[in-house]
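Okay, so here's the structure we're looking at.
2 protein chains.
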Amino acid sequence: MKGASKSKQRSGCPVSISLETLGDRWSLLIIRDMMVRAFRTFKQFRDSDEKIATNILADRLQKLAAAGIIVAEADETDRRRVNYRLTEKGIDLAPVVLDLMIWATRHEQTGAPNAVVEKMAKNREKVLAKVRRRWRDRDPIPFLPSFANVGGNRGSVRGQIRRGT
Amino acid sequence: MKGASKSKQRSGCPVSISLETLGDRWSLLIIRDMMVRAFRTFKQFRDSDEKIATNILADRLQKLAAAGIIVAEADETDRRRVNYRLTEKGIDLAPVVLDLMIWATRHEQTGAPNAVVEKMAKNREKVLAKVRRRWRDRDPIPFLPSFANVGGNRGSVRGQIRRGT
DNA sequence: AATGTGACTTGCATTCTGCAAGTCACATTT
DNA sequence: AAATGTGACTTGCAGAATGCAAGTCACATT
Numbered sequence: 011m012k013g014a015s016k017s018k019q020r021s022g023c024p025v026s027i028s029l030e031t032l033g034d035r036w037s038l039l040i041i042r043d044m045m046v047r048a049f050r051t052f053k054q055f056r057d058s059d060e061k062i063a064t065n066i067l068a069d070r071l072q073k074l075a076a077a078g079i080i081v082a083e084a085d086e087t088d089r090r091r092v093n094y095r096l097t098e099k100g101i102d103l104a105p106v107v108l109d110l111m112i113w114a115t116r117h118e119q120t121g122a123p124n125a126v127v128e129k130m131a132k133n134r135e136k137v138l139a140k141v142r143r144r145w146r147d148r149d150p151i152p153f154l155p156s157f158a159n160v161g162g163n164r165g166s167v168r169g170q171i172r173r174g175t
Numbered sequence: 011m012k013g014a015s016k017s018k019q020r021s022g023c024p025v026s027i028s029l030e031t032l033g034d035r036w037s038l039l040i041i042r043d044m045m046v047r048a049f050r051t052f053k054q055f056r057d058s059d060e061k062i063a064t065n066i067l068a069d070r071l072q073k074l075a076a077a078g079i080i081v082a083e084a085d086e087t088d089r090r091r092v093n094y095r096l097t098e099k100g101i102d103l104a105p106v107v108l109d110l111m112i113w114a115t116r117h118e119q120t121g122a123p124n125a126v127v128e129k130m131a132k133n134r135e136k137v138l139a140k141v142r143r144r145w146r147d148r149d150p151i152p153f154l155p156s157f158a159n160v161g162g163n164r165g166s167v168r169g170q171i172r173r174g175t
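As you go down the protein sequences, you meet chains A and B in turn. In the working numbering, each number is its position in the first sequence, counted from 1, plus 10. In the working numbering, each number is its position in the second sequence, counted from 1, plus 10.
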């Protein structure tokens with residue numbers, strides 16, 4: 011029923027304000043899935059690799075919508091279905107998501123192939139431009155594969171990335 | 011006694027792994043304070059503008075140390091005092107902190123002056139280089155002021171920025 | 001010796017999470 | 001058109017995390 015206003019802002023610091031909305035285990039994961047995996051329905055998030063509980067998912071979608079980071083709109087062809095989309099404010103989080111991805115790949119044992127991520131780090135601006143373009147075009151094809159259950163980081167890649175403009 | 015291992019990794023996704031350590035209201039704030047405000051003691055964090063509870067602070071410092079993001083070392087001149095420092099892994103979070111700052115300044119009502127932050131966004135690489143140099147030199151002088159209780163940023167954003175395709 | 005400080009712990013009430021199990025409006029099948 | 005299926009949520013409840021106040025305890029200062 012709420013999540014709406016968030017009246018108790020503790021500090022004017024921009025980092026602090028960001029964390030009031032994004033500072034939890036799930037919000038940025040949802041945003042990442044919308045951004046790079048082109049998720050848009052409740053079901054897709056629920057069945058994703060991270061196994062988020064449905065009550066938490068509903069709550070986070072609601073809060074993200076209240077924060078103006080995503081919007082929810084009923085599907086035209088199936089009225090049961092709700093399509094979630096990133097707003098411009100939401101897609102502007104792409105740099106944050108990309109940086110987190112780069113950081114973890116460099117410093118932790120992840121399922122993402124090093125070489126691919128380093129290439130993205132090197133072409134940062136181009137990658138961000140592409141993410142934004144895909145968002146504007148509502149491209150339904152995932153930009154990156156899952157990386158969720160990959161054994162890890164041993165240069166395994168396999169042409170997952172679609173190249174070119 | 012706790013906070014240490016974090017054994018239940020839920021996913022190999024780098025963003026997910028990052029959020030296992032950083033996905034809460036406080037961790038990145040502590041890191042930000044070390045990065046741009048040159049904080050290094052418990053007392054400084056405790057008395058900072060965000061008013062973190064001391065048990066939470068102790069817990070987060072412990073977890074960040076366990077994650078290799080910071081190190082704690084006893085002060086030479088006063089054995090009661092513990093000095094916390096960012097590791098290289100920690101200072102590598104600078105891009106994330108900077109992006110969060112930029113994002114919130116553009117999209118939320120913050121205490122940070124727009125012009126300053128936009129200038130930092132434009133000179134991203136230089137700013138990051140400077141942050142890193144300051145870290146290496148252990149510069150004790152804050153890089154930025156607090157922004158915590160500033161009224162500021164009226165007239166919000168309004169299409170100041172727009173990077174196109 | 002007495003008092004002060006810095007860095008934490010402890011207790012406890014409040015809030016948030018995570019699972020399982022509904023509910024309910026549509027959609028599809030028979 | 002009745003029965004069954006689906007998608008998007010709610011509800012209940014136990015257990016974990018948070019927030020505040022009040023210690024503790026090893027140094028340091030007076």
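Using N, Cα and C, we set each Cβ at its ideal position, and we do this for glycine too. Note that the structure is predicted; figures quoted are calculated from it, not measured.
Buried or exposed: where does residue i fall if 16 or more other Cβ atoms within 10 Å of its Cβ makes it buried?
i: Lys140 (chain A); result: buried
i: Pro105 (chain B); result: buried
i: Thr87 (chain B); result: exposed
i: Ala114 (chain B); result: buried
i: Gln170 (chain B); result: Model confidence at Gln170 (chain B) stands at a pLDDT of 40, short of 50, so the residue's coordinates are unreliable; what they give is reported in the following sentence. With fewer than 16 Cβ atoms within 10 Å of its Cβ, Gln170 (chain B) is classed as exposed.
i: Ala122 (chain A); result: buried
i: Leu32 (chain A); result: buried
i: Asp102 (chain A); result: buried
i: Glu118 (chain B); result: buried
i: Thr120 (chain B); result: buried
i: Pro24 (chain B); result: buried
i: Glu98 (chain B); result: exposed
i: Arg5 (chain A); result: Limits of chain A in this structure are 11 at one end and 175 at the other, which puts residue 5 (chain A) out of reach.
i: Arg164 (chain A); result: Interpretation of Arg164 (chain A) is limited by its pLDDT of 42, a score under 50 that renders its predicted location unreliable; the figure taken from the coordinates is listed afterwards. It counts as exposed.
i: Val126 (chain B); result: exposed
i: Glu60 (chain B); result: buried
i: Ile151 (chain B); result: exposed
i: Ile27 (chain A); result: buried
i: Arg90 (chain B); result: exposed
i: Arg143 (chain B); result: exposed
i: Asn159 (chain A); result: exposed
i: Ile66 (chain A); result: exposed
i: Ser17 (chain A); result: Low confidence applies here, because Ser17 (chain A) scores a pLDDT of 44, under 50, leaving its location unreliable and the question unanswered by this model.
i: Ser166 (chain B); result: Caution is warranted here: a pLDDT of 43 is assigned to Ser166 (chain B), below 50, making its placement in the model unreliable, and no coordinate value can be reported.
i: Phe157 (chain B); result: buried
Going by DSSP, what residues sit across from residue i in a beta bridge?
i: Leu96 (chain B); result: B:Ile80
List, in chain order, every chain B residue whose beta-carbon is nearer than 7 Å to that of residue i.
i: Trp145 (chain A); result: Here the premise fails: no neighbours, minimum Cβ distance about 11 Å.
i: Trp103 (chain A); result: One detail in the question is off: residue 103 (chain A) reads as Leu in this sequence, not Trp. Within 7 Å Cβ-Cβ: Trp113.
Run down chain A in chain order and give the residues with a C-beta less than 9 Å from the C-beta of residue i.
i: Asn124 (chain B); result: Within chain A, no residue comes near Asn124 (chain B); the closest Cβ sits about 10 Å away, beyond 9 Å.
i: Arg42 (chain B); result: Cys23, Val25 and Ser26
Grab the span of the alpha helix (DSSP H) containing residue i for me, first residue to last.
i: Lys136 (chain A); result: Arg134 to Asp147
i: Glu86 (chain B); result: It is not in any alpha helix (DSSP H) - Glu86 (chain B) carries neither H nor E in the DSSP assignment.
i: Phe153 (chain B); result: Where Phe153 (chain B) is concerned, there is no enclosing alpha helix (DSSP H), given that its DSSP letter is neither H nor E.
i: Thr115 (chain A); result: Ala104 to His117
i: Ser28 (chain A); result: Pro24 to Leu32
i: Gln54 (chain A); result: Phe52 to Arg56
i: Ile62 (chain B); result: Here Ile62 (chain B) belongs to no alpha helix (DSSP H), and DSSP marks it neither H nor E.
i: Ser37 (chain B); result: Ser37 to Val46
Using a C-beta to C-beta distance shorter than 7 Å, which residues of chain A count as neighbours of residue i?
i: Glu86 (chain B); result: Correct list: empty, because the minimum Cβ distance to chain A is about 29 Å.
i: Leu67 (chain B); result: Simply none; closest approach about 15 Å.
i: Val106 (chain B); result: Val106, Asp109, Leu110 and Trp113
i: Lys99 (chain B); result: His117
What in chain B is Cβ-close to residue i, meaning under 8 Å?
i: Asn159 (chain A); result: Ser21 and Gly22
i: Glu118 (chain A); result: Pro24, Ile27 and Ser28
i: Ala114 (chain A); result: Pro24, Val25, Ile27 and Ser28
i: Lys61 (chain A); result: Arg20
What in chain B is Cβ-close to residue i, meaning under 9 Å?
i: Leu39 (chain A); result: Ser21, Cys23, Val25, Ser26, Leu29 and Gly33
Quiz item: Would you call the segment 108-121 of chain B and the segment 64-78 of chain B in contact, with 3 or more CB pairs under 8 Å?
Solution: no
Quiz item: Are at least three pairs of beta-carbons, each pair with one atom in the segment 127-139 of chain A and one in the segment 31-41 of chain B, less than 8 Å apart?
Solution: no
Practice problem: Examine the Cβ distances between the segment 145-158 of chain B and the segment 74-86 of chain B and report whether three or more of them are shorter than 8 Å. | Solution: no
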